[in-house]
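Chemist: When the sequence shown is numbered by this note's numbering, its final residue is 216 and no position is left out of the sequence of numbers. Don't be surprised by glycine CBs; every beta carbon is placed ideally from N, CA and C. None of the values given here were measured: they were computed from a predicted structure.
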Amino acid sequence: TLELDPAGDAALQYSRYPTSESGMINMVRKLIDVGTADMQYGECEVQIFEDVKVDNRPCKCVQVVHPQRRSVFLFNIVRIFIDDEVPIPVRYEAYDWPASDSDPPPLIEEYTFRNIRLNVGFSDSEFQRSYSEYKFRPR
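1. When the Cα of Ile-159 is compared with those of Phe-152, Arg-168, Leu-151, which residue comes out closest?
2. Excluding the five sequence neighbours on either side, which residues of its own chain have a C-beta within less than 8 Å of the C-beta of Trp-174, listed in chain order?
3. Which residue comes first and which comes last in the alpha helix (DSSP H) that contains Arg-106?
4. Considering Ala-84, what are the terminal residues of the alpha helix (DSSP H) in which it resides?
5. Going by CA-CA distance only, name the one from Asp-132, Met-116, Gly-112, Val-141 that's closest to Phe-126.
6. Using DSSP's beta-bridge definition, name the partner residues of Ile-165.
7. Using DSSP with H/G/I as helix, E/B as strand and the rest coil, what is Asp-173?
8. Please classify Ala-114 as buried or exposed, where buried requires at least 16 other C-beta atoms within 10 Å of its C-beta.
9. Helix, strand or coil: which one does DSSP assign to Glu-98?
Structure (structure tokens):
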């Protein structure tokens, strides 16, 4: 078992966020925070697409577009894919504004949650650094 600083260089080498901010619940919290902040400007277009697939699972896609670039907005387009059978987000895509009108919006981050198992019986102690089964080496 390896212990990493969640905000350290090794943990952030391939990620925009510390590992302590990863996961579905943290993603949903951030979406709520950003959506709440963006609502005060009233400048977004929302569309819902039915019958979309993510890993062959039936989903809905909620797409939010900020048509005008403003410093208060974190993205141009965001797409959230919600599983139809188990109503949880399973994919997230965020796009920046294109460099020019003829360019497509560049993808700046994406996450897909696969093989999700809910309520698998973990205890609270298993999420503690002191959990004996982790066998962290002393620093």
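Modeler: In short, the structure shows the following:
1. Translated into positions along the sequence shown, residue 159 becomes position 82. The shortest Cα separation from Ile-159 among Phe-152, Arg-168, Leu-151 belongs to Arg-168.
2. Along the sequence shown, read from residue 1 onward, the residue named residue 174 stands at position 97. Correct list, in chain order: Arg-146, Asn-153, Pro-182.
3. For the purposes of this step, residue 106 is identified with residue 29 of the sequence shown, where counting begins at 1. If you look at Arg-106, you'll find it in the alpha helix (DSSP H) that goes 101 to 116.
4. Working through the sequence shown from its first residue, we reach residue 84 at position 7. Where Ala-84 is concerned, there is no enclosing alpha helix (DSSP H), given that its DSSP letter is neither H nor E.
5. Along the sequence shown, read from residue 1 onward, the residue named residue 126 stands at position 49. Cα-wise, what sits closest to Phe-126 is Val-141.
6. Counting from one through the sequence shown, the residue named residue 165 turns up at place 88. None; Ile-165 has no bridge partner.
7. Sequence index remark: in the sequence shown, residue 173 carries index 96 (1-based). Coil.
8. If you number the sequence shown from 1, residue 114 lands on position 37. That one is exposed.
9. Taking the sequence shown and counting its residues from 1, one reaches residue 98 at position 21. Three-state DSSP puts Glu-98 in a helix.
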